[in-house]
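Protein chains: 2
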Amino acid sequence: MNINLTAEKLANLTFSLLANCQEKEVRLAEIHNLTQAEFRCLRLFGSDEVMNNKSIAERMKLSPSRLTRIIDGLVEKEYVIREIDNNDRRNMKVSLSNRGKSLVNQLNKAYVDIHREILMDIDESQHTPLITALMHLLAALDKWLAKGVV
Amino acid sequence: MNINLTAEKLANLTFSLLANCQEKEVRLAEIHNLTQAEFRCLRLFGSDEVMNNKSIAERMKLSPSRLTRIIDGLVEKEYVIREIDNNDRRNMKVSLSNRGKSLVNQLNKAYVDIHREILMDIDESQHTPLITALMHLLAALDKWLAKGVV
DNA sequence: ATTAAAATATTGTGCATAACAAATATCGTT
DNA sequence: AACGATATTTGTTATGCACAATATTTTAAT
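First to last, the protein sequences are chains A and B. Numbering that gives the first Met the number 0 puts the first sequence at residues 0 to 149. Numbering that gives the first Met the number 0 puts the second sequence at residues 0 to 149.
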């Protein structure tokens, strides 16, 4: 197939995928009565991880001040605990509460479930090709982004 | 491969893809000194299309009032023309100016270029599998979204 | 033909998101 | 002990977006 035609198809596909994935994220956040920011923040935690404000901000590519407020919300909703780090009292140790842990586990499970459901709609012989193709796509995208745009 | 494992991989991949595609959109908008909303709006136009406020709002899944303001910006920047539709004076006919047309053409070309570049980083034998795999993924995602979340 | 209802775009307003700057507290180094 | 660097929080501001109210025009009903 002509590479330009393929490129056009790929462009349209990634465009649609972007829209759909965003929609999916929104839905999942709604289900659990979280804002999108809270949802994304929560999903950053492994179930026993402890992070400080700044590292979360960096991971989410948001400012520390923004993060303070997002975590405010999660503390308010009792999903995370925020306490002073006695090894370095400038830091806040942010970690999941029991409630938070159970939600994160549930979310992770649901997240995988969705994708398993999606996979079940795709012929099994196509699974491996799909994964490797996506990995290629992701690597190529990474490379494109890394090299800095014209 | 175990379907749960595959589902987990797929989940992580779509997550990363989402982040990267968003980043890509942001970059492209920045290059042309447009807000993301303006960028997305502009890319909705075929080069000789005429739309009214509401239809654009629907396509972009935004409120008409929001669209009024986005188009304000594009009119300000002289990319689109807004004039009363004499067949139905309630409507505004929004269309690309010459400047807008040339930008849209340029954007479309750049958009395809990026994806061709990406494709060139992937072995050619993988192109067709990639496209079909993505189509499957998209269809499955659509189905999941359509059936309404639990 | 007149009037009520619906459709369209705009404007005013309020809320959420996010960044930046200033203030505060702590740490590390000299 | 003092100064500069670092982490967080708070105050302020800008942007993105929706909803409600308004103005204009069209369509439908009587």
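Backbone N, C-alpha and C fix where the C-beta goes; we use that ideal spot for every residue, glycine too.
Check                                                                                                                                                                : Outcome
So for residue 8 of chain A, helix, strand or coil by DSSP?                                                                                                          : helix
Is the closest heavy atom of the ligand ADP to the C-beta of residue 111 of chain B under 6 angstroms?                                                               : With respect to the ligand ADP, the structure offers nothing, as it holds no ligand at all.
Is the Cβ of residue 31 of chain B closer than 7 angstroms to any Cβ of chain A?                                                                                     : no
What separation, rounded to the nearest whole angstrom, lies between the Cα atoms of residue 39 of chain A and residue 117 of chain B?                               : 28 angstroms
Using a C-beta to C-beta distance shorter than 9 angstroms, which residues of chain B count as neighbours of residue 67 of chain A?                                  : What residue 67 of chain A touches in chain B: nothing, since even the nearest Cβ is about 23 angstroms away.
Could you tell me whether the segment 107 to 121 of chain B touches the segment 2 to 13 of chain A, where touching means 3 or more Cβ pairs closer than 8 angstroms? : yes
Closer than 7 angstroms, CB to CB, is residue 108 of chain A near chain B or not?                                                                                    : no
Do you know offhand how far residue 124 of chain A's Cα is from residue 60 of chain B's?                                                                             : 36 angstroms
Could you check what DSSP says for residue 70 of chain B in three-state terms: helix, strand or coil?                                                                : helix
Is the segment 9 to 16 of chain B in contact with the segment 28 to 43 of chain B, if contact means three or more CB pairs nearer than 8 angstroms?                  : no
Flag residue 130 of chain B as yes if its beta-carbon sits less than 7 angstroms from any beta-carbon of chain A, otherwise no.                                      : yes
Check whether the segment 81 to 93 of chain A and the segment 48 to 58 of chain A are in contact - that is, three or more C-beta pairs closer than 8 angstroms.      : yes
Would you call the segment 128 to 137 of chain A and the segment 124 to 143 of chain B in contact, with 3 or more CB pairs under 8 angstroms?                        : yes
Is the shortest distance between the beta-carbon of residue 40 of chain A and the beta-carbons of chain B less than 7 angstroms?                                     : no
From the DSSP output, in three-state form, read off residue 149 of chain B for me.                                                                                   : Bear in mind that the predicted position of residue 149 of chain B carries a pLDDT of just 46, short of 50, making it unreliable; the figure below should be weighed with that in mind. Reduced to three states, the DSSP call for residue 149 of chain B is coil.
Mind listing the chain B neighbours of residue 115 of chain A? Cutoff is C-beta to C-beta under 7 angstroms, in chain order.                                         : 2, 3 and 6
Which value, in whole angstroms, describes the spacing of the CA atoms of residue 32 of chain B and residue 97 of chain A?                                           : 46 angstroms
Exposed or buried, which one is residue 79 of chain A when buried takes at least 16 other CB atoms within 10 Å?                                                      : buried
Under 7 angstroms Cβ-Cβ, which residues of chain A neighbour residue 34 of chain B?                                                                                  : Under the 7 angstroms cutoff, chain A gives no residues; its nearest Cβ is about 17 angstroms from residue 34 of chain B.
Is there at least one Cβ from chain A nearer than 7 angstroms to residue 145 of chain B's Cβ?                                                                        : no
Run through DSSP, which three-state label would residue 48 of chain A get?                                                                                           : coil
Quick one: using the 10 Å Cβ neighbour count with 16 as the cut-off for buried, is residue 25 of chain A buried or exposed?                                          : exposed
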